[in-house]
Amino acid sequence: MQRRGFITLLGGAAIWPLAVRAQQRVHVIGYLNSGSQPNPSTLAALRAGLGTMGYVEGRNITIDIRATEQYGELPAYAAEFVRQKVDLIFAWGTLNAALAAKAATATIPIVFANGSDPVKSGIIASMNRPGGNMTGVTYDNSGILKKRLEVLCQLVPGATAIGFLNNPTILTSSQNLADMDAAVGALGRQMSVLNASSEDEINSAFAKAAELKVDALLVGPNPTFSARRAQIVALAAHYRIPANYFSRVFCDAGGLSSYGPVFEDVDRQAGIYIGRILNGEKPADLPVQQPTKFELVLNLKAAKPLALAIPPTVMALANDIIE
């Protein structure tokens, strides 16, 4: 009994300073969001990650959100966080947000979550040793786009003209276009670029896709399209264009197919990193994380009006099938 009590006391002594540090004061996280207000699932995953490190919103942390679909406004919001002297900036969704935060401060810790190459874009020095005041979670959009195109071509084997819905206001736009051009060419298809960054432009892009008689559509990755997923899914159905999306939220909204990382895991990992930094670790020493879970989602309800027979090989690869 005495030995057990001693071990319990030792364990409590090891944990106690960490818990005390976490509750000494309320830490403020400046959430720099590329797009409209964060999805509830994004916030829930972020809070779950923070919770594993002892941080609970309303108790010892406050999350101050600045969200905009006008990416030119991101630097002003980042500067506002610096003036407020927030404890950490979370730059979510695009390279635009991460670079805006980086330009605003070299001292306040920054955690990012997006699909850019952080080394190539100049955010960090290396994946294993980021250096400076930034680290985060990133996923390889280049490889994902290639995989998504392969899935789309399996769903629509006769597709030769592929439309690519692209948001030209994101800083990774040119890289996405280059990756798509290479992937489409490797499969012997042709690509039509459909640029859009607003509700009206999305409507026009789909009208153009119909005019060009695209056989299938790949929707480029960015938060603006996620926020307008109901509109995009409805237009794809209206024009009878089979589409593949970068997140399962589109399939949940009625879209045909999606392939990409499990974004809840990305946001949860970001929350863990935020908590670790608030507990005293340095961003420079935390390797940039990459997701290990990816999911292919198929929506059979959306396939029926398109008269698509989904191949058994694709069905077998699906992580989730909506019937």
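Mapping the sequence shown onto my numbering, position 259 (from 1) lands on 419, and the numbers just tick up by one.
Even for Gly, the Cβ is constructed at its ideal location relative to N, Cα and C.
Pairwise C-alpha distance: residue j and residue i
i, j, result
"Leu-192", "Thr-265", "13 Å"
"Lys-262", "Gly-292", "10 Å"
"Thr-473", "Val-393", "25 Å"
"Val-344", "Ala-370", "19 Å"
"Ile-223", "Val-186", "10 Å"
"Lys-461", "Leu-395", "16 Å"
"Pro-269", "Ala-346", "41 Å"
"Gly-380", "Thr-254", "12 Å"
"Pro-198", "Leu-234", "15 Å"
"Ile-481", "Ser-194", "29 Å"
"Lys-245", "Gly-282", "24 Å"
"Glu-310", "Asn-274", "23 Å"
"Leu-203", "Pro-383", "14 Å"
"Pro-465", "Glu-483", "13 Å"
"Ala-208", "Ser-196", "21 Å"
Cross-strand partners of residue i (DSSP beta bridge)
i, result
"Asn-510", "No statement about residue 510 is possible, as the shown extent of the chain runs from 161 to 483 and does not include it."
"Glu-455", "Gly-420"
"Asp-480", "Val-457"
"Leu-259", "Answer is none; Leu-259 lacks a bridge partner."
"Gln-449", "Val-297"
Cβ-Cβ separation, residue j to residue i (assumed contact under 8 Å), whole Å
i, j, result
"Asn-492", "Phe-385", "Because the chain is modelled from 161 through 483, residue 492 falls outside the range shown and cannot be assessed."
"Tyr-419", "Leu-456", "5 Å"
"Asn-325", "Ala-356", "Reading off the sequence, residue 325 comes out as Leu, not Asn. About 6 Å; that satisfies the 8 Å criterion."
"Arg-388", "Ile-362", "6 Å"
"Ser-352", "Ala-319", "With 8 Å as the limit, Ser-352 and Ala-319 do not qualify as a contact, their Cβ atoms being about 12 Å apart."
"Thr-332", "Ser-276", "5 Å"
Under 8 Å between C-beta atoms of residue i and residue j
i, j, result
"Ala-403", "Leu-416", "yes"
"Asp-339", "Leu-305", "yes"
"Lys-453", "Pro-421", "yes"
"Thr-329", "Tyr-231", "yes"
"Met-287", "Val-279", "yes"
"Glu-424", "Ala-205", "yes"
"Thr-212", "Pro-443", "no"
"Val-426", "Tyr-299", "yes"
"Met-284", "Leu-248", "It should be pointed out that residue 284 corresponds to Ile in this sequence rather than to Met. No, they are not a contact pair."
Which residue spans inside the stretch 350-417 form an unbroken alpha helix (DSSP H) run of at least 4? Counting whole runs of 4 or more residues, the stretch 350-417 contains the alpha helix (DSSP H) stretches 359-372, 383-387, 389-398, 408-412.
With a floor of 4 residues, list each alpha helix (DSSP H) that falls wholly inside the stretch 300-355, ordered by position along the chain. Qualifying alpha helix (DSSP H) stretches, in chain order: 301-315, 333-346.
Which residue spans inside the stretch 183-232 form an unbroken alpha helix (DSSP H) run of at least 4? Here the runs fully enclosed are 200-212.
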